[in-house]
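Novice: Respectively, the protein sequence lines represent chains A and B.
Under this note's numbering, residue 291 is the last one in the first sequence; the count climbs by one each step, no gaps.
Under this note's numbering, residue 439 is the last one in the second sequence; the count climbs by one each step, no gaps.
Glycine residues also receive a C-beta, built at the ideal position from the N, C-alpha and C atoms.
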Amino acid sequence: MPFVVLLSCAVMLAAPAPSPAPAAGARVSTGPTLAVEDTLHTEVPEVLVRAPRVTLDEILDRVARGEARRDSALHDVAFTATLRVVTPATEKKPAELWEETVARVYKQKPDQVRSVTLRHWEKKPPKKQAKDGEQDDADMEFSPSTEERIVNFAFRPEARRDFRYRIVGREVLGDHLIYRIAFEPRSLVGDDPGGVVWVDTRDFVIVRQELDFSRSPVPLLLKGIDRVVIERQEVDGHWVLRRMLVRLSLTISIPKFGRGVDLAFAMNDYAINRGIDPAIFAPAAAPVGKR
Amino acid sequence: MSARLVVPTRLAVVIAAIVVAGGARADETPAPAPAPADTALHRYFGLTAQPADTAGLDSTLAARLERPWRSGRGPRRVGLAPSYTFDRANGSTVSGRAIVSDRDAHVMLTGDGAYATGPREWLGGGELSWWRRRSGTITRLELSGGWRTGTIDRDFPDPQLAMVRAFVNGSDRQHYLRREGFRVRASARRSDLFAAFAYEDWFESPLTVTSYWNLLKRPLVVPYNIPAASGRMRGFSTELGARLPRLPVRAGLDFDLASRPLGGDFDYGRLRLSLAGEFPILGFLSLLPQMRYGLLEGDAVPQAAFYLGGPRSLRSLYTNSRAGTGLAIARLDVVQGGDLLALLHLPHPAMLPLQAGAFVASGAVWGADPFHVHSTLRGEWPARDAWLSEAGVSLLYRPGIPDDDGYFRIDHAWRLGPGPPSIGWTVSYSRMFDLVPGF
């Protein structure tokens, strides 16, 4: 019985302190009071985890393999790309769109690419075009590659010697385990950025990246790159680039433009591995007299 | 701002899309679609992060796929560029360059013509290049030729700053030769590997000094030009460069072969080995060791010799002040990371992040000397007394353009041990790893 007595004492000592008196003005219930049980205590036996913890090196290897697998699963890709140049809002003036180009892009391995400009708009077009009332099409040039090096440049096998890596977090989102891995360049004389990537351990692909430019890559023109966010999206089971948002600061203030520049590069309306009509990649020869 | 923009311009775009199944016109302000859920990212980027308005895009795409010749600027580009150069052998050279490229065909054709006012000669040439990028490898095939001016030191040419020096105060110390002929070169480049193979056929001839003037009317510091051996160089060259796996080290191996059996006038083999790396320590200092070894076997013509001295070689010696058939040089640079002026709490413009550095170096040339001053016995390694050593300090500025790894440097070097007195301060522009081939 002494054990029971001790347990009772312990329970009493562990019981919560009496509730403070209700504050003035608080409504006091006049009906029955429902007690809140907060003295229950449960214990589960310790479970010794014998499985080896996945090392950072192993995670990096899996990310490299995951990225390679992601790319190898893509045969042809079509998407709508939007490039937008904006002066960000300041205390004196709101954000302002300066240029926007929208294009439909077709890529087919191994090396075919075609982009069709759908819209190009400039706030201040060149004088001749403004006079004619029509803006020139500005072609956006794309690489035929689907590797998306902008996302995985620091996680390619050959980049391992150029960066330091560390795990900064593990998060469970839904039924996905997400690793956050920070990377920073080893070199003190180069201009590689550091950053953080979010890796979905289901496919071991990078789903998001934030870059940190501790040094301006072009100090003569750019004071710094304040923020870069790169996001991917899953389309038909493939992780592909969704958008890249960049905020830059210029070293000199451009009249009527300012020092700040935002760039957005968004990709949507994906069609993946659905086949692309070979005519898309054929040279665009104009019939006689039709130009 | 966006609310004011959205309503009228969206309406305009929709109406325009209905009326004209074409692209947007100048008066159609693209209207952002309604803002998505308010997240921290969207609050930060605001208008930038909003999705584009898609009204009319489908019909525009259909129209442009049907009549592709009416959209875009097409894959072909044409460019023209005038230029002006100056050196003491050619004097003022006025030139023009034309470029025609076809993005889809991966072909570029360049042609240039120039008139050198010193020797009163027409120069020029052209280059046809074809390239292809596949699986991260860029393959390139180039055919180039013409009548051109080259530098005697084929390892460390410095055309831009040499021209400024020659033009401003006549302090250019490079030596020049005429090269007439052609070269076919195939190369492949990956992020960590570079390989090139070329066949060359050049008639090389000496040049003399024809222009003695400069802006400050100073006497030329080098009033002569080392005469190149006149004759045809016909042979092969190979370049290999690699970044070693798992190590921050890059290596280079170059070999030139000029051969009489191929119909040339010279017979030599010219080998260069180079190694460089970066090893950060303490989080704010980088050690950058570099070494280069070169050996010339066969005809010791001046245009195949190795030259010592200058910002990209031994900084305490004047450019090209010593030469030989063998070269060995090793240098250790220590460079501070980050912004020196910010570290010292000195106010400065953001465009001027300076870095401090220090260096020690040793180098030697040996064998037949085109200057006929320091000729020593040929061999594979220099004698002990051929070595010159130095130590110095540097102030570095990386502008980021035109080369992402190019630095403007102000160096001051002191002689260590016996040898000619140091030249003191030098101003130069070079890559940080300037003893290894860049790729």
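1) Only counting runs of 3 or more residues, tell me where the beta strand (DSSP E) segments fall wholly within the region 279-340 of chain B, in order along the chain.
2) With three or more beta-carbon pairs closer than 8 Å as the criterion, would you say the region 110-130 of chain A touches the region 80-91 of chain B?
3) Please report the Cβ distance between Pro219/A and Pro353/B, rounded to the nearest whole angstrom; I am assuming they are in contact, meaning their Cβ atoms lie under 8 Å.
4) Taking just the CA atoms, how far does Phe204/A sit from Arg65/A?
5) On the criterion of 16 or more Cβ atoms from any shown chain inside 10 Å, does Thr151/B qualify as buried, or is it exposed?
6) Any beta-carbon of chain A closer than 7 Å to the one on Val335/B?
7) How would you call Lys223/A, buried or exposed, if buried means at least 16 neighbouring beta carbons within 10 angstroms?
8) What distance in whole Å lies between the Cβ atoms of Ala229/B and Pro302/B, which are believed to be in contact at a cut-off of 8 Å?
9) Can you have a look at His175/B and say buried or exposed, based on whether 16 or more other CB atoms are within 10 angstroms of its CB?
10) Using a Cβ cut-off of 9 Å, which residues of the region 193-224 of chain A contact any Cβ in chain B, in chain order?
11) Could you give the distance in angstroms between the alpha-carbon of Gly417/B and the alpha-carbon of Ser389/B?
12) Using a Cβ cut-off of 9 Å, which residues of the region 402-422 of chain B contact any Cβ in chain A, in chain order?
13) Going by DSSP, name the residue or residues bridged to Asn268/A.
14) Name the DSSP beta bridge partners of Met140/A, please?
15) Count the C-beta pairs between the region 282-293 of chain B and the region 320-336 of chain B that are closer than 8 Å, then say yes if the count reaches three, no if not.
16) Give the DSSP-derived three-state secondary structure of Gln112/A in the structure shown.
17) Can you name the start and end residues of the alpha helix (DSSP H) that His75/A belongs to?
18) Just tell me which of Arg170/A, Thr87/A, Val151/A has its CA closest to the CA of Leu349/A.
19) Answer yes or no: does any C-beta atom of chain B fall closer than 7 Å to that of His69/A?
20) For Ala391/B, name the three-state secondary structure that DSSP assigns.
21) Give me the Cα-Cα distance between Leu263/A and Ala55/B, rounded to the nearest whole angstrom.
22) Name the residue from Tyr270/A, Ala271/A, Val168/A, Ser115/A whose alpha carbon lies nearest to the alpha carbon of Pro144/A.
23) Val86/A versus chain B: which residues are under 9 Å apart at the beta carbon?
24) Spatial neighbours of Phe213/A within its chain, please: C-beta separation below 6 Å, excluding the five flanking residues on both sides.
25) Using only alpha-carbon positions, find the residue among Tyr115/B, Leu308/B, Thr93/B, His106/B that is nearest to Pro157/B.
26) To which residues does DSSP link Gly269/B through a beta bridge?
27) Express the C-alpha separation of Glu184/A and Leu141/B in angstroms, rounding to a whole number.
28) Using 8 Å as the Cβ pair cut-off and three pairs as the minimum, do the region 258-276 of chain A and the region 62-77 of chain A touch?
29) Closer than 6 Å by C-beta to Pro347/B: which residues in its own chain qualify, once you throw out the five before and the five after it? Chain order, please.
30) Starting from the beta carbon of Ser187/A, find every residue of chain E whose beta carbon is closer than 8 Å, and list them in chain order.
31) With DSSP collapsed to three states, give me the class of Ala114/B.
32) Return the chain-ordered list of same chain residues with a C-beta closer than 7 Å to the C-beta of Asp111/A, the five sequence neighbours on each side being excluded.
33) Is Gly181/B helix, strand or coil by DSSP?
34) When the Cα of Ile99/B is compared with those of Arg120/B, Ser129/B, Gly91/B, which residue comes out closest?
35) Looking at C-beta atoms only, is the number of pairs between the region 222-238 of chain B and the region 251-258 of chain B that lie closer than 8 Å three or more?
36) According to DSSP, Tyr397/B sits in a beta bridge with which residue or residues?
Specialist: In terms of the structure at hand:
1) If we require 3 residues or more, the beta strand (DSSP E) runs fully inside the region 279-340 of chain B come out as 279-281, 285-298, 306-308, 322-324, 326-336.
2) No, they do not touch.
3) Your numbering for residue 219/A matches position 219 in the first sequence. Your numbering for residue 353/B matches position 353 in the second sequence. Yes, they are in contact, since the Cβ atoms of Pro219/A and Pro353/B sit about 5 Å apart, within 8 Å.
4) For the purposes of this step, residue 65/A is identified with residue 65 of the first sequence, where counting begins at 1. For the purposes of this step, residue 204/A is identified with residue 204 of the first sequence, where counting begins at 1. Between the C-alpha atoms of Arg65/A and Phe204/A there is a straight-line separation of about 8 Å.
5) Here residue 151/B is taken as the residue at index 151 of the second sequence, counted from 1. So Thr151/B ends up on the buried side.
6) Locating residue 335/B in the second sequence gives position 335, where the first residue counts as 1. Val335/B counts as touching chain A.
7) Along the first sequence, one-based indexing puts residue 223/A at 223. With 16 or more other Cβ atoms inside 10 Å of its own Cβ, Lys223/A counts as buried.
8) By 1-based counting over the second sequence, the position of residue 302/B is 302. By 1-based counting over the second sequence, the position of residue 229/B is 229. The distance from the Cβ of Pro302/B to that of Ala229/B is about 6 Å, consistent with a contact at the 8 Å cut-off.
9) Position 175 of the second sequence, counted from the start, is the residue given in the question as residue 175/B. The residue is buried, with at least 16 neighbouring Cβ atoms inside 10 Å.
10) Here the close residues are Ser214, Arg215, Ser216, Pro217, Val218, Pro219, Leu220, Leu221, Leu222, Lys223, Gly224.
11) As a position in the second sequence, residue 417/B is number 417, starting the count at 1. As a position in the second sequence, residue 389/B is number 389, starting the count at 1. Straight-line Cα distance between these residues: approximately 7 Å.
12) Within the region 402-422 of chain B, contact with chain A at the beta-carbon level (separation under 9 Å) is assigned to Asp404, Asp405, Tyr407.
13) Locating residue 268/A in the first sequence gives position 268, counting from the first residue. Among the bridge pairs identified by DSSP, Asn268/A is matched with Thr80/A.
14) Position 140 of the first sequence holds residue 140/A. Under DSSP, Met140/A forms no beta bridge with any residue.
15) Under the Cβ criterion (8 Å, minimum of three pairs), the region 282-293 of chain B counts as touching the region 320-336 of chain B.
16) Within the first sequence, residue 112/A is the residue found at index 112, counting from 1. Note: Gln112/A maps to strand in three-state DSSP.
17) Numbered from its first residue, the first sequence carries residue 75/A at position 75. That residue, His75/A, is in no alpha helix (DSSP H); it is neither H nor E in DSSP.
18) The structure shown has nothing for residue 349/A, since chain A only spans 1 to 291.
19) As a working note, residue 69/A is residue 69 in the first sequence. The sequence shown places Arg at residue 69/A, rather than the His named in the question. Chain B places no beta carbon closer than 7 Å to that of Arg69/A, leaving this residue out of the contacts.
20) In the second sequence, residue 391/B corresponds to position 391, counting from 1. Strand, per DSSP.
21) The sequence position of residue 263/A within the first sequence is 263, counting from 1. The sequence position of residue 55/B within the second sequence is 55, counting from 1. Going by the C-alpha atoms only, they are around 22 Å apart.
22) For the purposes of this step, residue 144/A is taken as the residue at position 144 of the first sequence. For the residues Tyr270/A, Ala271/A, Val168/A, Ser115/A, the minimum Cα distance to Pro144/A belongs to Ser115/A.
23) Numbered from its first residue, the first sequence carries residue 86/A at position 86. Neighbours of Val86/A in chain B, taken as residues at a C-beta separation under 9 Å, are given in chain order as Phe45, Gly46, Leu47, Thr48.
24) Along the first sequence, one-based indexing puts residue 213/A at 213. Excluding sequence neighbours, Phe213/A sits near Pro193, Ile225.
25) As a working note, residue 157/B is residue 157 in the second sequence. Checked all of Tyr115/B, Leu308/B, Thr93/B, His106/B; the closest Cα to Pro157/B is Leu308/B.
26) Along the second sequence, one-based indexing puts residue 269/B at 269. The bridge partners DSSP lists for Gly269/B are Leu257/B, Glu297/B.
27) Position 141 of the second sequence, counted from the start, is the residue given in the question as residue 141/B. Position 184 of the first sequence, counted from the start, is the residue given in the question as residue 184/A. The alpha-carbon atoms of Leu141/B and Glu184/A are separated by roughly 36 Å.
28) Yes, since at least three Cβ pairs between the region 258-276 of chain A and the region 62-77 of chain A fall closer than 8 Å, the two stretches touch.
29) Taking the first residue of the second sequence as 1, we reach residue 347/B at position 347. Excluding sequence neighbours, Pro347/B sits near nothing in its chain.
30) No chain E appears in the structure shown, which is made up of the protein chains A and B.
31) As a working mapping, residue 114/B is identified with position 114 in the second sequence. Here Ala114/B sits in strand by DSSP.
32) Here residue 111/A is taken as the residue at index 111 of the first sequence, counted from 1. Contacts found: Pro144.
33) For the purposes of this step, residue 181/B is taken as the residue at position 181 of the second sequence. Looking at Gly181/B - three-state DSSP - the assignment turns out to be strand.
34) Locating residue 99/B in the second sequence gives position 99, counting from the first residue. The closest CA to that of Ile99/B, considering only Arg120/B, Ser129/B, Gly91/B, is found on Ser129/B.
35) Yes, since at least three Cβ pairs between the region 222-238 of chain B and the region 251-258 of chain B fall closer than 8 Å, the two stretches touch.
36) Indexing the second sequence from 1 puts residue 397/B at position 397. Secondary-structure assignment with DSSP links Tyr397/B through a beta bridge to Leu354/B, Phe408/B.
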